[in-house]
Each structure stands twice: as structure tokens, then as C-alpha cells.
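K.L.:
Per this note's numbering, the very first residue in the sequence shown carries number 1362; after that it's consecutive.
All C-beta atoms, glycine included, are put in the ideal place defined by N, C-alpha and C.
Take this structure first; my questions come after.
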Amino acid sequence: MSAKIDRKPGTAMTNWITRMIEVPTVDATSSARDDVATIGHRVGYDYINIYRYNGDYESDQAVDSRIDGITAAVSGDDYLIHQYPTNNGPRFETRFIDRLNWRGTKIIIWVHDVESLRNQCPDGFDEYAYFNKAAALIVPNPATEQVLKAHGVTVPMVAHYIFDYLDDTPLPAPAATRQLVFAGNLDKSAFLGDWTQSVPVTVFGIANGGLADKLAANPQIDYRGALYRNELNAALGQGLGLVWDLDSAYGNFFTYTKYINPYKLTLYLSHGLPVIVSDEAAVAPFVTANHLGFAVHAIADIDGLLAAQSDDDLKKLTARVVRFAALLRTGSFTQRALLAAHQVVAFGTVQYD
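Next up, the structure:
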């Protein structure tokens, strides 16, 4: 084990947050984690940089040395927000938290994905036991909290409800635009290739050859291909953002949306686009309670839904979403989650009445 780092009496503890260093991609793999780290840094958290790498051929000793190097300044009374998963594998994840726990560091895991819920957890890795090694978890929403509790997770959990999205692209003026925007992983969105609704859809993302041909041939689809984040921000335009991952060939993905917060939700809202979500999605209660869009049971319901909205209704809805976008663009929900998690570790649940 590495030597414990003890602070001198009277020295203030430090807050840390992990930041992944990896090659930029056109998907949202790193965007959410980058924004969480940036917002944390803005409110006083120091970075712990973790590089994405293949450690399959490293010895346990080499992994431990790597972890000790990147966490050398972390002390026993510090707080550390660890963004999970790093995609460096279960051995790295486990040894990282074990070595910091040995020091006495208070570790809060920000859970971006629960691999067990989408049948992608590596053999031999007990993800739920791993979560119980933390002092607390920041989880996507109450549905995630409930399913983790059902699988034996007992540590305190704080829901962040929605990702923030740091951007300063000008927001559009409220408009009654009856068209959809879809941006995301098209591997789990093959339903777009058979789009038969009257409402047109602008589609962004990487499509395989067969799906790309279908999108190009459909007069109701405007397929723009895959764009990097800054390009996508400028190209979204107006309309309503579609949050829908449903494909019989990828059934686990749709089940997974009952527990997680799709990043495309915050992409749309942060750019002034009201959203349409499945009424079975975990985010549906948040969307409807805050009047940020609509929850429908099936894609086939969308045409009738939009036809029933007056132009004035759609303009008022868009104006509300534009106001909400300001919260996402300034990191409000990340800051709230970090503070709430810190409080629950330091004290427990605070009672206000």
C-alpha cells in the first residue's frame, strides 16, 4: 500500500473530482463527464486526471503505482468525486477506490452508467458491491436509486435528475415549429429508418450503410451525419427534440432508459428545444412536472399530439424551455448534486421541519 498522507493540524481539506483525458469523439461518451468535471472545478474542486488506456497487460503492482501517482496529493480527510465508469476496466475501478478508502478519503461516486442494468458488466465484477465501497453515490434519478437499492446497494444516494450542458451558442427565439430533431446513437434508433409519421425529422449521428440509405431515401428525414459537439450545437435549429431509444434488436437499451438520463435530453433542452419522451422513460416525470415537453406512449402518437397544439401553446412551451436552458448552461444541477452529496456524507440527511 502507498503511504497515507496526513494533513497538518488546521490545514483545510481539499475537494477533488476525476476528469477523463481521452480522444474527442462525435458521440456523447465524454461530453457529460467533461461538463461535470468543469462545473466541479468552477466551484472549487481540483482535478484528478485519469487517462483512458488499455491496462489488460499491466500487473496489479503497475496499476497500483499508476493510481498512487495520479492521486498523490489526495489526503485522508479529503472528498473525492469519482466519475464512473472510467472505461479503464473493473480492476482499475476497484483498486482505485480501495486504495483511496485505505487512506480514509471520502469517495462519492458519480454514476453515469450502471453496466449491470444493460447486461454489459464484465464477468466477475460485482458492480453493486463496488458501489457499496463509496461514502455516497450521485445517481441519475429516483428510478436508478430504487433499482440499486433492490440489488443491495445501501450507501446514501443523491439524484441529479438531469445533466447540465455548458454552451454559449445563441438560443433561438420561441417559435411554433412542428418538426423533430434527433441526435444520438443511431445503432439503437433503427426505427428512424422506417419513419412513417407526417412530422419531419432532422437526424444527426453515425448510421451504418443500410440505415444511412434508408434515411437518405425517406422524404420525411433530413439526415445530416455525425458532427462534433460544437458543430452540433450550431446545427440543431428549431423544433422538438426526440428522446427515444427503441429497437427490437437492442431490447436492453430501451429497458435501460427506464433508469438513466439520456444525454440527448439535456442537449435539446439546453438549446431551447422542448422534448418528446417515452412515458416509460425515467425522465418522463421530470419533463412533464416541469412542463418541458411531452411524454407519449408510442411514436405513432406524435402526429396527433403536435396537431392538437396551437401555435401559441408551442411558443409558450418553447419560451419556458429557453428559460430552463439558462439553468443547464450554468451548471445548476451539477452544483446542487455535488453540494447535496457532500452534505449527506458530512452530516447525513438534513431535516428542515
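Which first and last residues belong to the beta strand (DSSP E) in which H1658 is found?
P.N.:
Along the sequence shown, read from residue 1 onward, the residue named residue 1658 stands at position 297. First-last for H1658: undefined, no H or E at that position.
K.L.:
Closest to S1550 by C-alpha separation, out of V1397, A1534, A1568 and S1426, would be which residue?
P.N.:
Within the sequence shown, numbered from 1, the residue matching residue 1550 stands at position 189. Among V1397, A1534, A1568 and S1426, the Cα nearest to that of S1550 belongs to A1568.
K.L.:
Taking Cβ to Cβ, would you say Y1491 is nearer than 8 Å to E1454?
P.N.:
To locate residue 1491, count along the sequence shown from 1; it is residue 130. To locate residue 1454, count along the sequence shown from 1; it is residue 93. Going by C-beta atoms, Y1491 is nearer than 8 Å to E1454.
K.L.:
How many whole angstroms separate the CB atoms of V1638 and A1656, which I take to be in contact at a CB cut-off of 8 Å?
P.N.:
As a first step, residue 1638 must be located in the sequence shown, where it is residue number 277. As a first step, residue 1656 must be located in the sequence shown, where it is residue number 295. Right, the Cβ-Cβ distance comes to about 5 Å (below 8 Å), so this counts as a contact.
K.L.:
How many Å lie between K1510 and D1487 at the Cα?
P.N.:
To locate residue 1510, count along the sequence shown from 1; it is residue 149. To locate residue 1487, count along the sequence shown from 1; it is residue 126. Approximately 14 Å, taken between the alpha carbons.
K.L.:
Given this structure, state the Cα-to-Cα distance separating S1436 from V1706, to the nearest angstrom.
P.N.:
Locating residue 1436 in the sequence shown gives position 75, counting from the first residue. Locating residue 1706 in the sequence shown gives position 345, counting from the first residue. Rounded to the nearest angstrom, the two C-alpha atoms are 16 Å apart.
K.L.:
Identify, in the order they occur along the chain, each residue of the same chain with its Cβ nearer than 6 Å to the Cβ of A1643, setting aside the five sequence neighbours on each side.
P.N.:
Working through the sequence shown from its first residue, we reach residue 1643 at position 282. So the qualifying residues of the chain are N1502, A1504, K1619 and Y1620.
K.L.:
Short check: CB of L1532 to CB of F1543, under 8 Å?
P.N.:
Indexing the sequence shown from 1 puts residue 1532 at position 171. Indexing the sequence shown from 1 puts residue 1543 at position 182. No.
K.L.:
So, using beta-carbon positions, are T1447 and M1381 closer together than 8 Å?
P.N.:
Counting from one through the sequence shown, the residue named residue 1447 turns up at place 86. Counting from one through the sequence shown, the residue named residue 1381 turns up at place 20. Result yes, Cβ atoms of T1447 and M1381 sit closer than 8 Å.
K.L.:
I believe L1576 touches I1582 by the beta-carbon criterion, under 8 Å. Please report the beta-carbon distance rounded to the nearest angstrom.
P.N.:
Numbered from 1 along the sequence shown, position 215 holds the residue referred to as residue 1576. Numbered from 1 along the sequence shown, position 221 holds the residue referred to as residue 1582. Indeed they touch by this definition, with Cβ atoms about 5 Å apart.
K.L.:
Under 8 Å by Cβ, that's how I've got D1438 and T1695 pegged, so tell me the actual separation to the nearest angstrom.
P.N.:
In the sequence shown, the residue the question calls residue 1438 occupies position 77. In the sequence shown, the residue the question calls residue 1695 occupies position 334. Rounded, the Cβ-Cβ distance is 23 Å, inconsistent with contact.
K.L.:
What are the complete beta strand (DSSP E) segments, minimum 3 residues, inside the region 1390-1475?
P.N.:
Taking only runs of at least 3 residues, the beta strand (DSSP E) segments lying wholly in the region 1390-1475 are 1407-1412, 1440-1445 and 1467-1472.
K.L.:
Ordered along the chain, which non-local residues of its own chain (more than five positions away) have a Cβ less than 6 Å from that of A1398?
P.N.:
One-based indexing of the sequence shown puts residue 1398 at position 37. Excluding sequence neighbours, A1398 sits near I1378 and R1380.
K.L.:
Could you tell me which residues DSSP puts in a beta bridge with M1518?
P.N.:
By one-based count along the sequence shown, residue 1518 stands at place 157. Beta-bridge pairing links M1518 to L1498.
K.L.:
Suppose you measure from the CA of N1651 to the CA of G1633; what does that come to, to the nearest Å?
P.N.:
Here residue 1651 refers to the residue found at position 290 of the sequence shown. Here residue 1633 refers to the residue found at position 272 of the sequence shown. Answer to the nearest angstrom: the Cα atoms are 14 Å apart.
K.L.:
Excluding five sequence neighbours on each side, which residues of the same chain lie with their C-beta closer than 6 Å to the C-beta of I1460?
P.N.:
For the purposes of this step, residue 1460 is taken as the residue at position 99 of the sequence shown. With the sequence shown as reference, residue 1460 is identified as Arg, and Ile is not the correct amino acid for it. Excluding sequence neighbours, R1460 sits near I1428.
K.L.:
Return yes when the Cβ of L1689 is within less than 8 Å of the Cβ of P1715, no when it is not.
P.N.:
An answer regarding residue 1715 cannot be provided, because it is not within the stretch 1362 to 1714 covered by the chain.
K.L.:
Near Y1611, what residues of its chain come up, given a Cβ to Cβ distance below 6 Å and the 5 sequence neighbours on each side ignored?
P.N.:
Stepping through the sequence shown from its first residue, residue 1611 is reached at position 250. At Y1611 the pLDDT is 46, less than 50, meaning the model places this residue with poor confidence; the figure from the coordinates comes in the next sentence. Excluding residues within five positions, the ones whose Cβ falls inside 6 Å are K1549.
K.L.:
Which ranges does the alpha helix (DSSP H) cover as unbroken runs of at least 4 residues, wholly within the region 1543-1630, from first to last along the chain?
P.N.:
Runs of the alpha helix (DSSP H) inside the region 1543-1630: 1570-1578, 1590-1596 and 1612-1617.
K.L.:
CB-CB under 8 Å to T1456, same chain, minus the five flanking residues each way: which ones, in chain order?
P.N.:
Stepping through the sequence shown from its first residue, residue 1456 is reached at position 95. At residue 1456 the sequence reads Arg, which differs from the Thr that was named. The answer, listed in chain order, is D1421, V1424, D1425 and I1428.
K.L.:
Just the Cα atoms here: how many angstroms apart are T1432 and Q1444?
P.N.:
Indexing the sequence shown from 1 puts residue 1432 at position 71. Indexing the sequence shown from 1 puts residue 1444 at position 83. Using only the alpha carbons, I get a separation of about 14 Å.
K.L.:
Name the residue from L1441, A1687 and S1392 whose alpha carbon lies nearest to the alpha carbon of G1405.
P.N.:
Residue numbering aside, residue 1405 sits at position 44 when the sequence shown is read from its first letter. Nearest option by C-alpha distance: L1441.
K.L.:
Return the residue from the list E1476, L1527, F1615 and D1672 that minimises the CA-CA distance to T1691.
P.N.:
Working through the sequence shown from its first residue, we reach residue 1691 at position 330. The shortest C-alpha separation from T1691 is found at L1527.
K.L.:
Within 10 angstroms of its Cβ, does E1506 collect 16 or more other Cβ (buried), or is it exposed?
P.N.:
Locating residue 1506 in the sequence shown gives position 145, counting from the first residue. So E1506 counts as buried.
K.L.:
Buried or exposed for L1653, going by 16 or more other Cβ atoms inside 10 Å?
P.N.:
Position 292 of the sequence shown, counted from the start, is the residue given in the question as residue 1653. The residue in question, L1653, is buried, as its Cβ has 16 or more Cβ neighbours within 10 Å.
K.L.:
With DSSP run on the structure shown, which of helix, strand or coil describes I1378?
P.N.:
For the purposes of this step, residue 1378 is taken as the residue at position 17 of the sequence shown. Strand, per DSSP.
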